[in-house]
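Protein chains in written order, with this note's numbering: chain A, 1 to 322; chain B, 1 to 277.
Glycine is no exception: its CB is placed at the ideal position from the N, C-alpha and C atoms.
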Amino acid sequence: MTVAKPAIGQESSLSLQQQRQRAAFWFLAPMLLALFCVAAWPLLRTIWFSLTDTSLNNLYAGKWIGFDNYLKIRTLDSGKVIYRGTLVDPAWWNAVWNTVKFSFTSVLCETVLGLIVALVLNAEFKGRGFVRAAILIPWAIPTIVSAKMWAWMLNDQYGIINDIGMKLGLLEQKIAWTANTDTAMYAVLMVDIWKTTPFMALLCLAGLQMVPRDIYEAAKIDGIHPVKVFFKITLPLIRPALMVAVIFRMLDALRVFDLIYVLTPNSAATKTMSVISRENLIDFDKFAYGSAQSTLLFAILAVFVSLYIWLGKVDLSGESGK
Amino acid sequence: MSGNKLLKKIAFYALVVVIVVFSVFPFYYAIVTSFATGTRLFEINYFPPVFDWSNYQSVLGGRTFPRNILNSVFIATVTVCFALLLAVTASYALARVRFRGRGLLLMTILAVSMFPQIAVLAGLFELIKFLNLFNTPWALILSYTIFTLPFTVWVLTTFMRDLPVEIEEAAIVDGATPWVIITKVFLPLLWPALVTTGLLAFIGAWNEFLFALTFTSQEITRTTPVAIAMLSGASVQEIPWGPIMAASVIVTVPLIILVLIFQRKIVAGLTAGGVKG
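Here it is, written out as structure tokens:
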């Protein structure tokens, strides 16, 4: 790093800024190109496929059919009107409903449990480091592995959950958790909440640690009940962190695939939008139809995120603080 | 009064115990099961009666599973290196240079990291077939870029924003070009951040399932999550729980060790995107 720039003045500082901007462009270009290739282009192609009748075996033979994959209205000679397409497909709406039910329940439970765990970890006690390490374990386990682990624990004949439940008298008989349509969703929720509460807890804890301790001291001196302190002071202060954590988890939950695919395969009670889309795309040779469903999933997520950020005034970029 | 305090303390520690047991028990039980063979699988044991390694032997001595592990290691490593390479320069530009549209660009990158993978599956499938990469590791390395790259750029940008301005100013006065600033000044300071981001991206690539399931078609090209999901016994009824648990323990233990070693850094990395000071 030897001195290379001799002139210092108005002109050269301008050109320095320009030089930096030019360098920034070249620094960003490879990343932008890579993201275009793996994200923007495939997304556009998926949307394109959804407007054609492309099949999996011949990706280039598809013809433009407009919005027929979404909704096709045909009037028969008899005057009877027939509706076809994803938007009138009960299987699709079942998947949408499953996804919404799954996402809202799991994120709600995770937020409440995550907050409780975070509050525990925010307190001073012996062995806090050990507890924090312990809660990282579910987070570190691959989703497929946790799905298999829990599938075994929830096994109808030899599963330990049924065993514990019977011994404690909580269950009257052994339950086929994953196979039974009434309980399949509970099984999936149980595993998801177990696996992702740590993530929520860590994000909440980071928020909690930024609340100055003297606020609690002041509240204690004033004799305010801890529950009131939590709802009137802590919660409003960690709200921004909480809002960001919730949106991240929500987006993850709305696109859930692997857990459900492995834990409850082919169960209509838990089939989500991602699962049904992939089924049509790859397994059922309805490539274009599956593309239409994945396009719809993308649109639903985009609308949801926009509304959330707009209504919740969430600052995701972190730019405004600087 | 003191009795009340004692009661509170007991309740608190009870809660702590519940949290720890809930977190650790399922994996512990997987380990217990992985040592069980034959009829021992069908009796419920809360600790392994004997350490029978035959499930591990059958999984590791099998024809494909060692190969699946190698696939996973190779794919995750190359994916992470590629993402970090592109992300270091990009995040310098995003964190340290003022230009029009920077906020918008950052939001776009964040949006890509939240992409539902299924929405690009059809288009990526076509791209991979077109490039003749189907059923090769490169198909997965290419497709994993969609979540590793935005994530690494995002986290490194937040890290780099916090580096003091003075260091960079001093380098500029010395006449250093942006490239020199990155490689000679920032990179040595960024090592901890690179390790954290790299590790998190590695875990993401190691665990990925949807792309791995769709873009591979043979047993020997699969990654470990797909291999575990597909492990089957002689008949449909007969799920080989022992080997599945042994395979699960094999792929999870290294991750848990890494996470426990780097736990402070990982927590910092996870929260870097989420919480602003």
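- DSSP places residue 83(A) in the strand class (E or B) of the three-state scheme.
- If you look at residue 74(A), you'll find it isn't in any alpha helix (DSSP H); it sits in the beta strand (DSSP E) that goes 72-75.
- Apart from sequence neighbours up to five positions away, the residues of its chain that approach residue 261(A) with a beta-carbon distance below 7 Å are 275, ordered along the chain.
- Residues of chain A with a Cβ closer than 9 Å to the Cβ of residue 137(B) do not exist; the shortest Cβ-Cβ separation is about 15 Å.
- Contact between the stretch 222-230 of chain B and the stretch 28-43 of chain B is not established, with fewer than three Cβ pairs separated by less than 8 Å.
- With respect to residue 52(A), residue 288(A) sits close: the two C-beta atoms are nearer than 8 Å.
- Per DSSP, reduced to three states, the secondary structure at residue 197(B) is helical.
- If you draw a straight line from the Cα of residue 149(B) to the Cα of residue 17(A), it comes to about 27 Å.
- Beta-bridge analysis with DSSP links residue 64(A) to 52(A).
- Only 163 from the stretch 161-177 of chain A bring a Cβ to less than 7 Å from some Cβ of chain B.
- Within the stretch 98-155 of chain B, the complete alpha helix (DSSP H) runs of at least 4 residues fall at 102-113, 117-130.
- Going by DSSP, residue 132(A) is part of the alpha helix (DSSP H) stretching over 128-140.
- Taken through DSSP and simplified to helix, strand or coil, residue 40(B) comes out as helix.
- Within the stretch 148-159 of chain A, 148, 149, 150, 151, 152, 153, 155, 157, 158, 159 place their CB atoms closer than 9 Å to a CB of chain B, listed in sequence order.
- Closest in alpha carbon position to residue 194(A), among 140(A), 214(A), 235(A), is 140(A).
- Identification of residues in the stretch 36-52 of chain A having a C-beta nearer than 9 Å to some C-beta of chain B yields 37, 38, 39, 40, 41, 42, 43, 44, 45, 46, 47, 48, 49, 50, given in sequence order.
- For chain A, the residues of the stretch 241-257 of chain B that bring a beta carbon within less than 8 Å of one of its beta carbons are 241, 244, 245, 248, 251, 252, 255, 256, in chain order.
- DSSP places residue 188(A) in the uninterrupted alpha helix (DSSP H) bounded by 184-208.
- Counting every other CB atom within 10 Å of its CB across the protein chains shown gives residue 117(B) a total of 16 or more, marking it as buried.
- In the structure shown, residue 265(B) falls within a helical segment according to DSSP collapsed to helix, strand and coil.
- Remark: C-beta atoms of residue 159(B) and residue 193(B) approach each other more closely than 8 Å.
- When the beta-carbon positions are compared, residue 23(B) and residue 135(A) come within less than 8 Å of each other.
- With respect to residue 198(B), residue 80(B) sits close: the two C-beta atoms are nearer than 8 Å.
- Inclusion of residue 29(B) and residue 160(A) in the CB contact set at 8 Å is warranted, their separation being smaller than that value.
- Pairwise C-beta distances place the stretch 171-188 of chain B out of contact with the stretch 48-55 of chain B, as fewer than three of them are shorter than 8 Å.
- Burial state of residue 218(B) is exposed, judged by a 10 Å Cβ sphere holding fewer than 16 other Cβ atoms.
- Residue contact with chain B for residue 290(A): present (Cβ-Cβ distance below 8 Å to some residue of chain B).
- Chain A has no Cβ within less than 8 Å of the Cβ of residue 155(B).
- For residue 232(B), the three-state secondary structure derived from DSSP is coil.
- Close partners of residue 48(B) in chain A (Cβ separation under 8 Å) are lacking, with about 14 Å as the shortest Cβ gap.
- Taking a Cβ-Cβ threshold of 7 Å, the residues of chain B close to residue 34(A) are 86, 145, 149, in chain order.
- Around the Cβ of residue 9(B), a 10 Å sphere holds fewer than 16 other Cβ atoms; the residue is exposed.
- Taking 8 Å as the CB threshold, residue 24(B) lines the interface with chain A.
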